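Going down the list, the protein sequences come from chains W and D.
Residue 27 in this note's numbering is what sits at position 27 of the first sequence, and the numbering runs on without skipping anything.
Take any residue in the second sequence, count from 1 to its spot, add 114: that is its number in this note's numbering.
C-beta: ideal position from N, C-alpha, C; glycine also.
Treat the numbers as computed from the prediction; the structure is a model and nothing was measured.
Some notes on the structure that comes next.
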Amino acid sequence: DTAVSQTPKYLVTQMGNDKSIKCEQNLGHDTMYWYKQDSKKFLKIMFSYNNKELIINETVPNRFSPKSPDKAHLNLHINSLELGDSAVYFCASSQEQILGETQYFGPGTRLLVL
Amino acid sequence: GDSVTQMEGPVTLSEEAFLTINCTYTATGYPSLFWYVQYPGEGLQLLLKATKADDKGSNKGFEATYRKETTSFHLEKGSVQVSDSAVYFCASGGTSYGKLTFGQGTILTVHP
Chain W
1 DTAVSQTPKY LVTQMGNDKS IKCEQNLGHD TMYWYKQDSK KFLKIMFSYN NKELIINETV
61 PNRFSPKSPD KAHLNLHINS LELGDSAVYF CASSQEQILG ETQYFGPGTR LLVL
Chain D
115 GDSVTQMEGP VTLSEEAFLT INCTYTATGY PSLFWYVQYP GEGLQLLLKA TKADDKGSNK
175 GFEATYRKET TSFHLEKGSV QVSDSAVYFC ASGGTSYGKL TFGQGTILTV HP
C-alpha cells in the first residue's frame with residue numbers, strides 16, 4: 001500500500017488555466033506538507049497543515065491555495081498558472097510537527113505549464 | 115533564517131569507491147539533521163537522521179555524524195554501488211513547526 005500518494009503524476013497545461021493536485025496519506029499522520037522542487041532540484045516548503053489547520057505558509061503567491069478536507073488529505077489548487085509554476089510538487093506527511101520528526105514523501109507531480 | 119549548504123555536484127564515482135558529500139547548516143537553536151535520497155523518478159526517502167550533537171545516523175552503509183562545533187553533517191559511505199546513484203539532500207529540521215530546510219541536492223552517479 002502506498003503511504004503517501006499524489007494524483008496526477010504528470011500534468012501538462014496552458015498558461016492561465018486552473019489546476020488541482022491531490023494528496024492522500026494512509027499513515028494516520030496529523031501533519032501534511034507541500035514542497036516545490038525546481039528544475040535545479042532545489043526543494044522548498046510551501047505549506048503545512050496540522051489537523052486541517054494551516055501552520056506554515058511560506059510567502060507563496062495567493063494563486064496557490066491548499067485545502068485540507070480531512071487530516072488524511074491535502075490538495076493544492078493553483079489559479080492562473082504561469083510558466084514559472086513548472087516544477088515537481090511533492091506532498092509529505094509526518095506524525096507530528098515536532099523537531100526531529102521524519103517526513104514521508106509522495107512520488108511527486110510533474111507540472112509543465114506551456 | 116535557517117539554511118543548508120551541500121557540496122556542489124554532480125559527483126561521479128566508480129563502484130566500490132569511498133563517498134563523502136559535505137553538508138553544513140546554519141540554524142537558530144538545535145535542529146535535527148537529515149539525509150534524504152531521491153532515486154530517479156521517485157519521491158524523497160529518509161536515508162538517516164540525527165537529533166542531537168554527536169549522534170551518528172546510519173543506514174544501508176551510509177553514515178553521518180552531527181557535529182555541532184563545525185555545524186556539519188557530512189554523508190559518507192565506504193564502498194558505493196551502482197544502485198546508490200541518486201540525488202542526496204541534506205536537511206535541517208528547526209523548531210518551526212516541523213519545517214525542513216533542504217540543501218540544493220547532490221547528484222551522485224556510480225559507474226560499474
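Contact between L160 (chain D) and F148 (chain D) holds, with the beta-carbon distance rounding to 6 Å and staying under 8 Å.
Residue-level contact check: L114 (chain W) does not touch chain D, since none of the beta carbons of chain D fall below 8 Å from its beta carbon. The beta carbons of Q120 (chain D) and I135 (chain D) sit closer together than 8 Å. The beta carbon of E96 (chain W) sits closer than 7 Å to the beta carbons of D30, T31 from its chain, once the five residues preceding and following it are set aside; these are given in chain order. Closest option to G108 (chain W), judged by alpha-carbon separation, among W:E101, W:C91, W:N17: W:C91. Apart from the 5 residues on each side of it in sequence, E24 (chain W) sits with its Cβ closer than 7 Å to the Cβ of S5, A72, H73 in its chain, given in chain order. Remark: C-beta atoms of L214 (chain D) and I45 (chain W) approach each other more closely than 8 Å. Beta-bridge analysis with DSSP links A92 (chain W) to W:Y33, W:F105. Annotation: I78 (chain W) to E183 (chain D) spans about 43 Å, alpha carbon to alpha carbon.
A Cβ-Cβ distance of about 5 Å is found for the pair F42 (chain W) and Q218 (chain D), placing them in contact under the 8 Å criterion. As for any alpha helix (DSSP H) of minimum length 4 sitting wholly inside the region 169–199 of chain D, there is none. For K163 (chain D), the uninterrupted beta strand (DSSP E) segment begins and ends at 158–164. When secondary structure is reduced to three states using DSSP, G207 (chain D) falls in the strand class. Here the alpha carbon of H225 (chain D) sits roughly 43 Å from the alpha carbon of R63 (chain W).
If you draw a straight line from the Cα of E130 (chain D) to the Cα of Q195 (chain D), it comes to about 6 Å. Beta-carbon to beta-carbon, A141 (chain D) and D116 (chain D) are separated by about 4 Å, close enough to satisfy the 8 Å threshold.
Among the residues of the region 12–45 of chain W, those with a Cβ less than 9 Å away from any Cβ of chain D are T31, Y33, Y35, Q37, K40, K41, F42, L43, K44, I45, in the order of the chain. The C-beta of D38 (chain W) has fewer than 16 other C-beta atoms within 10 Å across all chains shown, which makes the residue exposed.
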